[in-house]
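S.K.: Dropping the structure in here first, questions after.
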Amino acid sequence: MGEMTNTPAIRIEGAQKRYGKAGGFTAVSDVSLTVTAGSIHGLLGPNGAGKTTTLKMLLGLVRPSGGTFEILGEPAGPAVRARVGFLPEQPYFSPLLTATELLMLHGRLSGMAPADVSARAGELLARVGLEGRGTARLGTFSRGMLQRVGIAQALVASPEVVVLDEPASGLDPVGQRDVRNIMMSLAEGGTTVLLSSHQLSEVEAVCDEVTILNRGIVAAEGAIDDLLNVAGRTSIRARGDAPALPADVQSLMEDVAVSGGVWVFSVPDSAVRAVVDILDDNGWAIEAVVPKRQSLEEYFAHMLEQPHDADAAKGVA
Amino acid sequence: MNRVFAIARAVVSDAIRRRIVWVVALFALVLAAVIPMLPSYGVGVAGAVYREIALAMTYVAAMIVTLVLSVARIPGEIERRTLYSVLARDVRRWEYVLGTWMGIALTLGAAMVAFGAIIFGVGWVVYSVPMWLLWQGVLAIWMEAAVLAALCVAISTVAIPVIVAVGALAFLFVAHVRADLLGGPENPLWYVYPSLDAFNIIAPVSHGSGVSPAYLAMMALVFTGWVAALVLLGALGFSRRDL
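Chains A and B are the protein sequences, given in the same order.
Under this note's numbering, the letters of the first sequence match residues 1 to 317, in that order.
Under this note's numbering, the letters of the second sequence match residues 1001 to 1243, in that order.
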């Protein structure tokens, strides 16, 4: 990762957003997060968790009801936003503009000279897999191509901080891999990336740290392994021809899944050695023994079962 | 101002590619060509009647193009979220509003030059006289259209396109009935009434010798006042809006 500094790239303290007066809708109740400079920080949460509203408040698109917002150590006003690139969720651009015209617009809005933007546009379009499409109107672009050109516009002014809202949305697996590579190369170059997503695989692959939002509050924050690993349990994957696992193992296992002779289940950490020995003695092949990790979906489902108050939700982490 | 110009430039690039602008221009060309064939021509007034009809036609075309370009511009950008990536940059809301109006006004200017060239050219060919005064009328129409665009942009920062369109048409009506409602300058409300009559110079252009440079200057002053007030209003409305 890139060079770290003491000043956080992004700092949000006590963000709140209420729509309407008394009794109105509260989109964000209390969100605080700190993004280390040069890191890739994931902002996770189910739909309606407040991710996009938090980003919009940070970027001046929505007026906060409360809280403080800083980017690169400065209040998050228009001036410092010159150093930020933003990819909105499901970006849509004027269908009558060409890809190059779009990048020219955003480059010039960022104060770049036309010649510099022109050179940068060609380089960026190649980087996002749109080489040779600069003169094509955006109205002819597919959803995935719009996503790619959206990423290019976010990067056109070589920002120090990049905020990406669901960047893999609409992309095929190759496109998703390309986006991951772009994020990692940005971080290697010292750029800070704040990635908002509800796709665990996307976040897991690139993020150093995550903040999980639920119902407008921070439900958890930290390293993704720390958040999703289930303390005290280990996951075992074994293959065998027998119709059932040995009885001694059955008494210890939970979360069982079976497919094509492959069994996946979890056991207490203290029983791992014994379970592996039993399986081995009974002719089973052990394919994997890894710390038990819950899926993001399981994690969210668990969170949604928690009491609906901030203190209890924060206790999830 | 570079950001304002960049936004205006993008608006122009987008607007001139809209088919409706070219359809209206083509329609204007056809109409201009058939005006001399109208039967109600008297000896000696054919040129004046041509100028009057040509300018009236240009006025209608200009208002149509204005409404098409400005009524849904900002609401559409909000709905499609195309302005998120713009306003997330070092761009103030007032710069966006001003740039949008400027882009529409420039596009209207180009359209007016095209319309003007058409009616001027047809007039010259048919009557063998260059009707330079037509350009005064075209300038006045452009100013009124640009004011209407500013009104549409201002309302559209806080309202949906239907309301913007209704508001714009109501404004056009109200702004041209001052004399009918108030009589004359002796009425104390005369000078505060929202009127666009200053831009209505079709009669002196068609049947007289046009308007004086002083009148043109006064027209420019009224234009500047209207646009400044409306763009300011739009910027204020937009600055408080959540996107």
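Ideal Cβ placement from N, Cα and C applies to all residues, glycine included.
Would you please verify whether the beta carbon of ALA1010(B) is less than 7 angstroms from any beta carbon of chain A?
M.R.: Answer yes: the Cβ-Cβ gap between ALA1010(B) and chain A drops below 7 angstroms somewhere.
S.K.: Decide if THR68(A) is buried, meaning its Cβ has at least 16 other Cβ atoms within 10 Å, or exposed.
M.R.: Label assigned to THR68(A): exposed.
S.K.: In the DSSP assignment, the alpha helix (DSSP H) including PHE1173(B) goes from what residue to what residue?
M.R.: First-last of the alpha helix (DSSP H) with PHE1173(B): 1161–1174.
S.K.: Going by DSSP, which residues form a beta bridge with GLN16(A)?
M.R.: Answer is GLY66(A), bridged to GLN16(A).
S.K.: Please confirm if the segment 1205–1223 of chain B is in contact with the segment 1152–1166 of chain B, defined as three or more CB-CB distances below 8 angstroms between the two stretches.
M.R.: In short, these stretches do not touch, since the Cβ pair count stays below three.
S.K.: Could you name the residues that DSSP lists as bridge partners for VAL193(A)?
M.R.: The partner list for VAL193(A) (beta bridge, DSSP) reads ILE40(A) and VAL162(A).
S.K.: At 7 angstroms on the CB atoms, spell out the chain B contacts of ALA82(A), in chain order.
M.R.: Within 7 angstroms Cβ-Cβ: ARG1089 and ASP1090.
S.K.: List, in order along the chain, the chain B residues whose C-beta lies closer than 8 angstroms to that of PRO167(A)?
M.R.: Those within 8 angstroms of PRO167(A) in chain B number zero; the least Cβ separation is about 13 angstroms.
S.K.: Of all the CB atoms in chain B, is at least one closer than 7 angstroms to the CB of GLU74(A)?
M.R.: Cβ-Cβ to chain B under 7 angstroms: no for GLU74(A).
S.K.: Between VAL1129(B) and GLY1047(B), how many whole angstroms is the CB-CB distance? I'm expecting something under 8 angstroms.
M.R.: Indeed, because the Cβ distance is near 7 angstroms, the residues count as touching under 8 angstroms.
S.K.: What would DSSP say about ARG1018(B), mapped onto helix, strand or coil?
M.R.: ARG1018(B) falls in the coil class under three-state DSSP.
S.K.: Considering only residues of the same chain and omitting the five flanking positions on each side of GLU160(A), which have a CB-CB separation below 7 angstroms?
M.R.: So the qualifying residues of the chain are LEU72, ARG83, THR191 and THR192.
S.K.: For SER1156(B), return the contacting residues in chain A, with the cut-off set at a CB-CB distance below 9 angstroms.
M.R.: Within 9 angstroms Cβ-Cβ: nothing; SER1156(B) doesn't reach chain A, min ~16 angstroms.
S.K.: Going along the segment 1013–1028 of chain B in order, which residues come within less than 8 angstroms of chain A, judged by CB to CB distance?
M.R.: Residues SER1013, ASP1014, ARG1017 and ARG1018.
S.K.: Measure the Cβ-Cβ separation of GLU204(A) and ALA168(A) and say whether it is below 7 angstroms.
M.R.: Contact flag unset, no.
S.K.: With burial defined as no fewer than 16 other Cβ atoms inside 10 Å of the residue's Cβ, what is the status of PRO1161(B): buried or exposed?
M.R.: When all chains shown are included, PRO1161(B) counts as buried.
S.K.: Check whether the Cβ atoms of PHE1115(B) and ALA1015(B) sit closer than 7 angstroms, and answer yes or no.
M.R.: No, the Cβ-Cβ distance between PHE1115(B) and ALA1015(B) is not below 7 angstroms.
S.K.: Which residue wins for smallest C-alpha separation from VAL149(A), given the options LYS56(A), LEU87(A), VAL272(A) and LEU96(A)?
M.R.: When each option's Cα is compared against that of VAL149(A), the closest is LEU87(A).
S.K.: Please say whether VAL156(A) and HIS106(A) have beta carbons closer to each other than 7 angstroms?
M.R.: Yes, the Cβ-Cβ distance between HIS106(A) and VAL156(A) is below 7 angstroms.
S.K.: List the whole-angstrom C-beta distance separating ALA1175(B) from LEU1196(B), where the pair is believed to meet the contact cut-off of C-beta under 8 angstroms.
M.R.: Rounded, the Cβ-Cβ distance is 4 angstroms, consistent with contact.
S.K.: In whole angstroms, what separates the C-alpha of LYS17(A) from that of VAL28(A)?
M.R.: If you take the alpha carbons of LYS17(A) and VAL28(A), they lie about 5 angstroms apart.
S.K.: Going by the beta-carbon positions, is the gap between LEU59(A) and VAL210(A) smaller than 7 angstroms?
M.R.: Cβ distance not < 7 angstroms, so LEU59(A) and VAL210(A) don't count as in contact.
S.K.: Compute the Euclidean distance between the alpha carbons of GLY261(A) and GLY189(A), then round it to the nearest angstrom.
M.R.: Computed Cα separation, rounded: 46 angstroms.
S.K.: Examine the Cβ distances between the segment 1008–1026 of chain B and the segment 1086–1104 of chain B and report whether three or more of them are shorter than 8 angstroms.
M.R.: Verdict: yes, contact present.
S.K.: Is any beta-carbon of chain B found at less than 7 angstroms from that of ARG239(A)?
M.R.: With 7 angstroms as the cut-off, ARG239(A) does not count as an interface residue toward chain B.
S.K.: Would you mind telling me which residues of chain B sit closer than 8 angstroms to ARG11(A), beta carbon to beta carbon, in chain order?
M.R.: Simply none; closest approach about 18 angstroms.
S.K.: Does TYR1191(B) come within less than 7 angstroms of chain A when only Cβ atoms are used?
M.R.: With 7 angstroms as the cut-off, TYR1191(B) does not count as an interface residue toward chain A.
S.K.: May I ask which residues mark the beginning and end of the alpha helix (DSSP H) holding THR1107(B)?
M.R.: Per DSSP, THR1107(B) belongs to the alpha helix (DSSP H) from 1093–1127.
S.K.: By Cβ distance, which residues of its chain are closer than 6 angstroms to VAL164(A), with the 5 residues on each side in sequence left out?
M.R.: The question names Val, yet the displayed sequence has Leu at residue 164(A). These residues qualify, in order along the chain: LEU87 and LEU195.
S.K.: Rank LYS21(A), GLU166(A) and GLY77(A) by C-alpha distance to the C-alpha of ASN47(A) and give the top, closest one.
M.R.: Ranking LYS21(A), GLU166(A) and GLY77(A) by Cα distance to ASN47(A) puts GLU166(A) first.
S.K.: In terms of residues, what are the limits of the beta strand (DSSP E) holding ARG237(A)?
M.R.: That run of the beta strand (DSSP E) goes 229–239.
S.K.: Give the residues from the segment 1061–1093 of chain B that approach chain A closer than 7 angstroms (Cβ to any Cβ), ordered along the chain.
M.R.: Cβ contacts with chain A: ARG1080, ARG1081, THR1082, TYR1084, SER1085, VAL1086, LEU1087, ALA1088, ARG1089, ASP1090, VAL1091 and ARG1092.
S.K.: For ALA223(A), tell me which candidate among ASP208(A), ARG237(A) and ILE236(A) has the shortest Cα-Cα distance.
M.R.: The shortest Cα separation from ALA223(A) among ASP208(A), ARG237(A) and ILE236(A) belongs to ASP208(A).
S.K.: Assuming LEU326(A) is part of the beta strand (DSSP E), what are its boundary residues?
M.R.: Look at the range of chain A in this structure, 1 to 317, and you will see that residue 326(A) is not part of it.
S.K.: With a threshold of 7 angstroms between beta carbons, is MET4(A) in contact with chain B?
M.R.: At MET4(A) the pLDDT is 47, less than 50, meaning the model places this residue with poor confidence; the figure from the coordinates comes in the next sentence. Not an interface residue.
S.K.: Can you give me the C-alpha to C-alpha distance between GLU3(A) and VAL1023(B), rounded to a whole angstrom?
M.R.: Low local confidence applies: a pLDDT of 46 at GLU3(A) is under 50, so the model's placement there is unreliable, with the coordinate-based value given in what follows. Rounded to the nearest angstrom, the two C-alpha atoms are 57 angstroms apart.
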